[in-house]
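Okay, structure first, notes after.
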Amino acid sequence: MKMELIATATFGLEAVVKREIQNLGFKILKTEDGKITYVGDERTLVKSNLWLRTADRVLIKMAEFKALEFEDLFQQTKAIGWASFIPEDGNFIVSGTSVKSKLHSVPACQSVVEKAIIEKLKETYPVDRFSKSGAIYAIKVTILKDRVTITLDTSGAGLHKRGYRVKDVKAPMKETLASALIQLSFFKPGRFLIDPCSGSGTLPIEAAMIARNIAPGLNRKFACEDWDLIDKDLWKEERKLAYEAIDYSDFTPIQAFDIDPDAVEAAKENAIEAGVDDLIIFKTMDMAKALEKIPQGVKSGIIVTNPPYGERIGEKEAIEKIYAAYNKFFKSHPTWSLFLITTDKELEEKAMGRPADRRRKLYNGRLETCYYQFHGEKTDENPNR
């Protein structure tokens, strides 16, 4: 069955998600704020959930139309072939949003959509009342400037839920964002990568999963696995191919440091669960000392990190020490590159004494941040920086 699919994306990461979809061989239809629409079939849907590292969810686009009245919303929703997706016992749940639209009452819109779906399903299933005892079908009606988009969520839990986070620390970074930061750093297997403030290990673990070519959704379930729409053998086949695609070659170990021993222990356990503990060296160490431990023979490398933002009491002094350490390090290591995400808008002058080569506005949870990219001088080891 040919379908239009939507990969939702955190604001600022649309280009990264688009590139991932293209690398999987799928045709992009359009890119908008927060979402990339592309075309595919059931296999596309399975591979998208298994392999997309930076998308938040994979949705089926059921319809898109203009609606100024509730009757428009009802009739257009009822025109969708719902029985092709939802069985008689399907537990369909409707949620919604409405922005700058005539139909501004979200509860009313949800109610109209649900009634339309019920009336359509009754044309196929001869029942007075649907039990909703089966698999979950999460339907969302999104109205923006009177334009309605109705989608069906195939992922269930967000795609950042890889399943390896068995231990956590305060303010962890989403796995999808961490993977995007790694991809934007020009990291490739064999390059020397350090995270001096690794916390529970999300950045180094995502880097190691990329190096080993581990599908991020390999060890979790998705909502659409319980649907009749997709043959169970298709899931088995794609999972088997994903396991066969894992690269067990030896790589230059990723180095991860944190001053908090509890965070380091959590990171180690998470790395074991992710199957990449042999690719990462975890140590409890102050980041300034960690930078001093870099082998002299390494001509160039990458630092990718998510340091404290100085939002809490006592963190401001700590972050100033981190900036001073970076300033000192990069003066003596001009071929190294720094990729750092923070809420601090004065980082360029304080940490590096020069403007960043690139900046990208991103959201880490609800915090507006900037991903600063300082490229080192080109070398034979680092032709792309």
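Per my numbering, residue 107 is the first one in the sequence shown, and the count goes up by one each step.
Just so you know, even glycine gets a beta-carbon here, dropped at the ideal spot from N, CA and C.
Counted within 10 angstroms of its Cβ, other Cβ atoms place V410 as buried (16 or more) or exposed: Along the sequence shown, one-based indexing puts residue 410 at 304. By the neighbour-count rule (16 or more Cβ atoms within 10 Å), V410 is buried.
Is the distance from the Cβ of G262 to the Cβ of A329 below 9 Å? For the purposes of this step, residue 262 is taken as residue 156 along the sequence shown, with counting starting at 1. For the purposes of this step, residue 329 is taken as residue 223 along the sequence shown, with counting starting at 1. Yes.
Output needed for K172: all residues of its chain with C-beta closer than 8 Å, excluding positions within five of it in sequence on either side, in chain order. Counted from its first residue, the sequence shown places residue 172 at position 66. Answer for K172: D178, D252, R253, V254, listed in chain order.
Span separating the alpha-carbon of R318 from that of P359: Taking the sequence shown and counting its residues from 1, the one referred to as residue 318 is at position 212. Taking the sequence shown and counting its residues from 1, the one referred to as residue 359 is at position 253. So the two alpha carbons sit approximately 12 Å from each other.
Measuring CB to CB, does A431 end up less than 9 Å from M458? Translated into the one-based positions of the sequence shown, residue 431 becomes position 325. Translated into the one-based positions of the sequence shown, residue 458 becomes position 352. In this structure, M458 does not lie closer than 9 Å to A431 by Cβ.
Per DSSP, cross-strand counterpart(s) of V247: One-based indexing of the sequence shown puts residue 247 at position 141. DSSP, once it has assigned bridges, lists G202, I256 as partnering V247.
Where R497 falls: helix, strand or coil (DSSP): This structure leaves residue 497 out entirely; the chain is present only between 107 and 491.
Quick check on the burial criterion: 16 or more other C-beta atoms within 10 angstroms. Buried or exposed for H439? Walking along the sequence shown from the start, residue 439 turns up at place 333. It is buried - the Cβ of H439 has at least 16 other Cβ atoms within 10 Å.
Residues in the same chain with beta-carbon distance under 8 Å from A189, minus the five sequence neighbours each way, listed in chain order, please. On the sequence shown, position 83 is the one that residue 189 refers to. Correct list, in chain order: K226, L227, E229, T230, Y231.
DSSP-derived helix/strand/coil call for F357: To locate residue 357, count along the sequence shown from 1; it is residue 251. F357 falls in the coil class under three-state DSSP.
Flag this pair as yes or no: are the beta carbons of D162 and T282 separated by less than 9 Å? Within the sequence shown, the letter at position 56 stands for residue 162. Within the sequence shown, the letter at position 176 stands for residue 282. Yes, Cβ-Cβ distance for D162 and T282 is below 9 Å.
Taking buried to mean at least 16 other C-beta atoms within 10 Å of its own C-beta, is S355 buried or exposed? Here the question's residue 355 lines up with position 249 in the sequence shown. Exposed, because fewer than 16 other Cβ atoms sit within 10 Å of the Cβ of S355.
Touch check for the region 181 to 188 and the region 375 to 384: three-plus C-beta pairs under 8 Å? no
How should K412 be labelled, buried or exposed, when 16 other C-beta atoms within 10 angstroms of its C-beta is the threshold for buried? Start at 1 with the first residue of the sequence shown, and residue 412 comes out as number 306. The sequence given here places Asn at residue 412; Lys does not occur at that position. Buried, since its Cβ has 16 or more Cβ neighbours within 10 Å.
For G407 and D364, believed in contact at Cβ under 8 Å, the rounded distance: As a working mapping, residue 364 is identified with position 258 in the sequence shown. As a working mapping, residue 407 is identified with position 301 in the sequence shown. Actually they are not in contact, since the Cβ atoms of D364 and G407 sit about 18 Å apart, beyond 8 Å.
Bridge-paired residues (DSSP) for S406: Numbered from its first residue, the sequence shown carries residue 406 at position 300. S406 pairs with nothing; no bridge assigned.
Quick check: the region 326 to 346 against the region 309 to 316, are there 3 or more CB pairs under 8 Å? no
Could you check if S237 is buried or exposed, using at least 16 other CB atoms within 10 Å of its CB as the buried criterion? Looking up residue 237 in the sequence shown gives position 131. Classification for S237: exposed.
Ends of the beta strand (DSSP E) at C476? Looking up residue 476 in the sequence shown gives position 370. Note, C476: beta strand (DSSP E), 473 to 480.
Going by C-alpha to C-alpha distance, which of L473, I320, P367 sits closest to D274? Looking up residue 274 in the sequence shown gives position 168. Of the candidates L473, I320, P367, the one whose C-alpha sits nearest the C-alpha of D274 is P367.
Taking the beta strand (DSSP E) that L135 belongs to, which residues open and close that run? Indexing the sequence shown from 1 puts residue 135 at position 29. Start and end: 133 to 138.
Below 8 Å on the Cβ atoms is my contact criterion, and I expect T257 with K167 to pass it. Report the Cβ-Cβ distance as a whole number of Å. Here residue 257 is taken as the residue at index 151 of the sequence shown, counted from 1. Here residue 167 is taken as the residue at index 61 of the sequence shown, counted from 1. Going by Cβ atoms, the distance from T257 to K167 rounds to 6 Å, so yes, they are a contact pair.
Given a cut-off of 9 Å on the beta-carbon distance, is the pair L290 and Y477 in contact? As a first step, residue 290 must be located in the sequence shown, where it is residue number 184. As a first step, residue 477 must be located in the sequence shown, where it is residue number 371. Yes, they are a contact pair.
Do T441 and K374 have their C-beta atoms closer together than 9 Å? Reading the sequence shown from its first residue, position 335 is the one you call residue 441. Reading the sequence shown from its first residue, position 268 is the one you call residue 374. Not a contact, by the Cβ cut-off of 9 Å.
Shortest alpha-carbon distance to N197 belongs to which of C215, I386, A241, R159? On the sequence shown, position 91 is the one that residue 197 refers to. Closest option to N197, Cα to Cα, is A241.
Give the DSSP bridge partners of L446, in chain order. By one-based count along the sequence shown, residue 446 stands at place 340. According to DSSP, L446 bridges with T411, Y478.
Sequence-distant residues of its chain with Cβ nearer than 6 Å to A222 (five each side left out): Reading the sequence shown from its first residue, position 116 is the one you call residue 222. Closer than 6 Å at Cβ, skipping near neighbours: F180, T183, K184.
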